[in-house]
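Enquirer: Residue numbers (the numbering used here): 11 to 492.
Glycine is no exception: its CB is placed at the ideal position from the N, C-alpha and C atoms.
I have a structure I would like to understand better, so I am pasting it below and will then ask my questions one at a time.
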Ligand code: IMP
């Protein structure tokens, strides 16, 4: 009997959907599928509103940055958890909750770990000044205060959810004033008006108060009751503070271990970790090494420039589009886009793939850097996230011609921990035959074009990965089990 997505997870208790690259690999489709059809509990363990995924609220698409995708199934009694490893901007959380309020959608089963850290206004100010811009050596952060908040956590001066209220449930001004004052010396560049800060955060804290709890205790009691738990990863292994391309990383450990730890679980409890890989191209946002990047340094600099957007790319290359309520529509297989993809200039080829695949950030709108899928990087990611892989966006390459796969680096196949070294490696590419069939309606792995299956076999052989699922479109039914 061929396996279905439901049989793949049928006897599992805890599954994790994580990313094996630099994020933006389409976790949302699978998180949403498992949240809807399988899980009783959906939990996020790392990061904050640097992430972003699309949710459909009463038929309308919205991008959420904090709430797990399972929040729309709260009405079915599903529990959604923001775990202790997260850093939470309460203003952003409240605005996502207000959207649910406006649509009449419930979130009564939401749980926020009392140990999650609070992103304070001064974290955001510091982040924007120091790291958001890639000019002057900034890493091109999302500017949401993620890094500075984690710095205060590690520096043992952070503010946790449980600091917001005293044991009588009263907003704990005294404690907060002391804590903020303790941070003062670390923020000489930021004006810290304590009174103003408290005034700003109090209404948000009051709104989320009833959801703050011992989320670790809850997740363990759910496990004991045999409930099914979905861990929703954020960012990707190559952005992990511990395993990623340091210092060009986010400030949390977005590996399998970090994600499990961030909800109070041991990684051993996860009986099916699924690591996502975009194929046959991959992307990166922000600064840092990207060995297979099309156009190399020129592409990195171009994508760092805030003046370069989807709109400027469409205008510059004369691609026709329409714009309705801020939504830009165009034909991804427009002849001019195909021309770019077949350009001899790698930089232009990258722009063509970006346009065809619509690779612009959900959180920041930035053009994503484009390169070929890298089997060396995948082999490295699999060390930490396990061998089971989901390939996404595979349908995008139908009709676009041949593509390359990175099989090794000059000088070996080491994914160096030294960012300077990694940024200098030359990649060894293997040309793979393209396919023209529309694979978006295919149901069986063996129906996929032979040259595509052959290239997937090469990826598996070099990386040690075991491809379990191939995603051939954004809809849940466009999923092939291998
Ligand atoms: P931060 O997480 O805002 O501190 O940003 C650190 C680095 O991680 C920057 O290069 C960001 O572009 C990148 N980053 C953070 N979150 C995401 C994400 O969800 N997808 C892709 N890149 C991300």
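(1) Could you please give the first and the last residue of the uninterrupted alpha helix (DSSP H) stretch that includes residue 253?
(2) Give me the Cα-Cα distance between residue 197 and residue 161, rounded to the nearest whole angstrom.
(3) Quick one: what's got a C-beta closer than 6 Å to residue 217's C-beta in the same chain, skipping five residues either side?
(4) Looking at the structure shown, is residue 223 part of a helix, part of a strand, or coil, going by DSSP?
(5) Does the ligand IMP have a heavy atom nearer than 8 Å to the CB of residue 32?
(6) Nearest by alpha-carbon distance to residue 258: which of 151, 400 and 95 is it?
(7) For residue 367 and residue 403, what's the separation of their Cα atoms in angstroms?
(8) Just the C-alpha distance for residue 333 and residue 339, rounded to the nearest angstrom, thanks.
(9) Take residue 43 and list the residues in its own chain whose beta-carbon comes closer than 6 Å to its own, dropping the five residues that flank it on each side.
(10) Would you mind giving the Cβ-Cβ distance between residue 29 and residue 246, rounded to the nearest angstrom? I have them listed as a contact below 8 Å.
(11) Would residue 466 and residue 256 qualify as a contact pair, given that the criterion is a beta-carbon distance under 9 Å?
(12) Taking Cβ to Cβ, would you say residue 107 is nearer than 9 Å to residue 84?
(13) Whose C-alpha, out of 182, 343 and 362, is nearest the C-alpha of residue 500?
(14) When the Cα of residue 64 is compared with those of 51, 86, 40 and 442, which residue comes out closest?
(15) Do the stretch 95-102 and the stretch 52-60 touch if we need at least three Cβ pairs shorter than 8 Å?
(16) Would you check whether the ligand IMP has a heavy atom nearer than 8 Å to the C-beta of residue 295?
(17) Hey, would you say residue 274 sits closer than 9 Å to residue 93, going by beta carbons?
(18) Just checking, does the stretch 412-419 make contact with the stretch 289-305 on the three C-beta pairs under 8 Å criterion?
(19) Is it true that the CB of residue 128 sits closer than 9 Å to the CB of residue 91?
(20) In chain order, what are the residue ranges of uninterrupted alpha helix (DSSP H) at least 4 long that sit wholly in the stretch 31-114?
(21) Where do the N-terminal and C-terminal ends of the alpha helix (DSSP H) with residue 266 fall, by residue?
(22) I'd like to know if the stretch 431-444 and the stretch 461-476 are in contact, where contact means that at least 3 CB-CB pairs between them fall below 8 Å.
(23) Anyone know if the C-beta pair for residue 391 and residue 447 falls short of 9 Å?
(24) Using three-state DSSP, classify residue 355 as helix, strand or coil.
(25) Less than 8 Å between the CB of residue 391 and some heavy atom of the ligand GDP, yes or no?
(26) Enumerate in chain order the residues of its own chain whose CB-to-CB distance from residue 429 is below 8 Å, with the five nearest sequence positions on each side excluded.
(27) Whole beta strand (DSSP E) runs in the stretch 386-419 with 3 or more residues, listed along the chain?
(28) Using the three-state DSSP reduction, which class does residue 442 fall into: helix, strand or coil?
(29) Using a 10 Å radius around the Cβ and a threshold of 16 neighbouring Cβ atoms, would you call residue 37 buried or exposed?
(30) Buried or exposed: residue 31, going by 16 or more other Cβ atoms within 10 Å of its Cβ?
(31) Pick helix, strand or coil for residue 124, following the three-state DSSP scheme.
(32) Take residue 393 and list the residues in its own chain whose beta-carbon comes closer than 7 Å to its own, dropping the five residues that flank it on each side.
(33) At 3 residues or longer, and completely inside the stretch 443-487: list those beta strand (DSSP E) runs for me, N to C.
(34) Return yes when at least one heavy atom of the ligand IMP lies under 8 Å from the C-beta of residue 258, else no.
Expert: The answer reads as follows:
(1) Within the chain shown, residue 253 is the residue found at index 243, counting from 1. Here residue 253 belongs to no alpha helix (DSSP H), and DSSP marks it neither H nor E.
(2) Walking along the chain shown from the start, residue 197 turns up at place 187. Walking along the chain shown from the start, residue 161 turns up at place 151. So the alpha carbons of these two residues sit roughly 12 Å apart.
(3) Looking up residue 217 in the chain shown gives position 207. Excluding sequence neighbours, residue 217 sits near 104.
(4) Counted from its first residue, the chain shown places residue 223 at position 213. Residue 223: strand per DSSP, three-state reduction.
(5) Here residue 32 corresponds to residue number 22 of the chain shown, with the count starting at 1. Within the cutoff, so yes.
(6) The count along the chain shown starts at 1 and reaches residue 258 at position 248. Considering only alpha carbons, the answer is 151.
(7) The residue labelled residue 367 in the question sits at position 357 within the chain shown. The residue labelled residue 403 in the question sits at position 393 within the chain shown. Taking the straight line from one Cα to the other gives about 8 Å.
(8) In the chain shown, counting from the first residue as 1, residue 333 sits at position 323. In the chain shown, counting from the first residue as 1, residue 339 sits at position 329. Answer to the nearest angstrom: the Cα atoms are 6 Å apart.
(9) For the purposes of this step, residue 43 is identified with residue 33 of the chain shown, where counting begins at 1. Excluding sequence neighbours, residue 43 sits near 486.
(10) Indexing the chain shown from 1 puts residue 29 at position 19. Indexing the chain shown from 1 puts residue 246 at position 236. Going by Cβ atoms, the distance from residue 29 to residue 246 rounds to 3 Å, so yes, they are a contact pair.
(11) As a first step, residue 466 is located in the chain shown; it is residue number 456 there, counting from the start. As a first step, residue 256 is located in the chain shown; it is residue number 246 there, counting from the start. Not in contact: residue 466 and residue 256 (Cβ atoms no closer than 9 Å).
(12) Taking the first residue of the chain shown as 1, we reach residue 107 at position 97. Taking the first residue of the chain shown as 1, we reach residue 84 at position 74. It is not a contact, given that the beta carbons lie outside the stated cut-off.
(13) The chain is shown only over 11 to 492; residue 500 falls outside these bounds and no answer can be derived.
(14) Counting from one through the chain shown, the residue named residue 64 turns up at place 54. Ranking the options by Cα distance to residue 64, first place goes to 40.
(15) yes
(16) Against the chain shown, residue 295 aligns to sequence position 285. Yes.
(17) Locating residue 274 in the chain shown gives position 264, counting from the first residue. Locating residue 93 in the chain shown gives position 83, counting from the first residue. Taking 9 Å as the Cβ cut-off, residue 274 and residue 93 qualify as a contacting pair.
(18) yes
(19) Translated into the one-based positions of the chain shown, residue 91 becomes position 81. Translated into the one-based positions of the chain shown, residue 128 becomes position 118. No; because the gap between Cβ atoms is not below 9 Å, this pair is not in contact.
(20) 37-47 and 100-112
(21) Working through the chain shown from its first residue, we reach residue 266 at position 256. Segment 266-271, the alpha helix (DSSP H) holding residue 266.
(22) yes
(23) By one-based count along the chain shown, residue 391 stands at place 381. By one-based count along the chain shown, residue 447 stands at place 437. No, these two residues do not count as a Cβ contact at 9 Å.
(24) Residue mapping note: residue 355 aligns to position 345 of the chain shown, counting from 1. Residue 355: coil per DSSP, three-state reduction.
(25) Absence of the ligand GDP from the depicted structure is noted, with the ligand IMP being the only ligands included.
(26) Here residue 429 corresponds to residue number 419 of the chain shown, with the count starting at 1. Same-chain partners within the cutoff: 255, 256, 257, 258, 298 and 299.
(27) 398-402 and 413-419
(28) By one-based count along the chain shown, residue 442 stands at place 432. Strand, per DSSP.
(29) Position 27 of the chain shown, counted from the start, is the residue given in the question as residue 37. By the neighbour-count rule (16 or more Cβ atoms within 10 Å), residue 37 is buried.
(30) The count along the chain shown starts at 1 and reaches residue 31 at position 21. Buried, because 16 or more other Cβ atoms sit within 10 Å of the Cβ of residue 31.
(31) Position 114 of the chain shown holds residue 124. If DSSP states are grouped into helix, strand and coil, residue 124 belongs with coil.
(32) Taking the chain shown and counting its residues from 1, the one referred to as residue 393 is at position 383. For residue 393, where only same-chain residues beyond five positions count, there are no Cβ hits under 7 Å.
(33) 476-481
(34) Along the chain shown, read from residue 1 onward, the residue named residue 258 stands at position 248. Yes.
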